[in-house]
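Enquirer:
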Amino acid sequence: MLFVIDVGNTNIVAGFYEGDKLKSSYRMATDKNKSSDEIGLFFSQLLNHEGIGKEEIRDVIISSVVPSIMHALENAIKKYVGISPIVVNGSLDLGLNICYDDPKEVGADRIVNAVAVDKIYGGPAVIIDFGTATTFCVIDGCSNYLGGVIYPGLKISMDALVEKTSKLPRIEIIRPENVVGKNTVCSMQSGLVFGYAGMVDAIVSRIKKETGTPEMLVIATGGLSTLIAKESETIQTIDKNLTIKGLKIIYDRIKLAK
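1009 is the number of the first residue of the sequence shown in this note's numbering; add one for each residue after it.
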């Protein structure tokens, strides 16, 4: 069994693969202050809940955009699972040509998502990840990662509104009934939801024009992808487990090469 872990700035997503089937996945808040024992005990609880003995885990693979948590996380895996994990980085052969000025600057989650889309769906494609930041990644039809766009995430934008204004409240990010709000909460929800959908469509339109590729697949992932995709005119597919799938693809490639 393969244990896959994606560490984001907001959440850690962990999943178990039995062969090629994703058996289950779990989500926990990313806490940079947790000790290796706290993380390890959480993973032990997941194994117990699934009825999986640690001896059944043959490998662990991790992608992370939070360097400060990696020491504790890797130690937790070694101590509580008994395995030294594989950590995704630019030095691995991922089957993707990263056309970035400095490939090491590309976040591991963006690389993993691009690998997943290239393998499962094929390019050309735009991958939009609605995480702590909203990221756009562009691949062509020849396994080239062309670059992308980084934009403040929905929750970051809401936090900025609340922190930088005196009277705006913290709100639930949901779709309001109308674009024109009749109260402060609905007006803020309209700006966030419809504003982000408009931003997504504008960026995608510019990407298609700049690359000269009008027929690009536009695929979304991340916690708020469903909400925005419903309002977007360009998002065609939602895949909430895209990063987890990408980790499995990378793992299989690494093992095949050995």
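All residues carry an ideal CB built from backbone N, CA and C; glycine is no exception.
Note that the structure is predicted; figures quoted are calculated from it, not measured.
1) List in chain order: all unbroken beta strand (DSSP E) runs of 3+ residues lying wholly within the stretch 1158-1244.
2) For Ala1210, count neighbouring Cβ atoms within 10 angstroms of its own Cβ and tell me buried if that reaches 16, exposed if not.
3) Any idea which residues DSSP pairs Gly1145 with across the strands?
4) For Ser1044, collect the residues of the same chain with a Cβ closer than 6 Å to its Cβ; drop the 5 residues on either side in sequence, then sort them by chain order.
5) Note down the Cα distance separating Gly1254 from Val1188, rounded to an integer number of angstroms.
6) Please report the residue range of the alpha helix (DSSP H) in which Arg1118 lies.
7) So, for Ile1246: in the same chain, excluding its five sequence neighbours on each side, which residues have a beta-carbon less than 8 Å away from its beta-carbon?
8) What's the call for Leu1102, buried or exposed, on a 16-neighbour Cβ count within 10 Å?
9) Of all Cβ atoms in chain C, is any one closer than 9 Å to the Cβ of Leu1049?
10) From the DSSP output, read off the bridge partner residues of Lys1029.
11) Measure the Cβ-Cβ separation of Val1212 and Thr1242 and say whether it is below 9 Å.
12) Do you know whose CA, among Asp1110, Phe1011, Asp1137, lies nearest Val1120's CA?
13) Can you check DSSP and say which residues form a bridge with Ala1037?
14) Going by DSSP in three states, Leu1100 sits in which element: helix, strand or coil?
15) Less than 9 Å separating the beta-carbons of Lys1263 and Asp1067?
16) Have a look at the DSSP bridge pairing and note the partners of Ile1069.
17) Taking Cβ to Cβ, would you say Met1009 is nearer than 9 Å to Tyr1025?
18) Taking 8 Å as the threshold, find out whether the stretch 1105-1115 comes into contact with the stretch 1171-1189 through three or more Cβ pairs.
19) Thinking C-beta only, is Ile1147 closer than 9 Å to Leu1154?
20) Starting from Lys1086, trace the alpha helix (DSSP H) in both directions and tell me its first and last residue.
21) Are the Cβ atoms of Ile1013 and Lys1127 separated by less than 9 Å?
22) Which of helix, strand or coil does DSSP assign to Asn1105?
23) Can you name, in chain order, every residue of its own chain whose Cβ lies under 7 Å from the Cβ of Ile1091, other than the five neighbours on each side?
24) Would you mind reading off the limits of the alpha helix (DSSP H) that contains Lys1112?
Expert: By the coordinates alone:
1) 1225-1229
2) exposed
3) The sequence given here has Cys at residue 1145, not Gly. Ile1135, Gly1156.
4) Ala1080, Asn1083, Ala1084
5) 40 Å
6) 1116-1128
7) Ile1227, Ala1228, Thr1229, Ser1233, Thr1234, Ala1237
8) buried
9) The question asks about chain C, but that chain is absent: this structure has only one protein chain.
10) Glu1026
11) yes
12) Asp1137
13) Asn1019
14) coil
15) yes
16) Val1012, Ile1094
17) yes
18) no
19) yes
20) 1075-1088
21) no
22) strand
23) Ile1065, Asp1067, Val1068, Ile1085
24) Lys1112 -> no alpha helix (DSSP H), and no H or E assigned at all.
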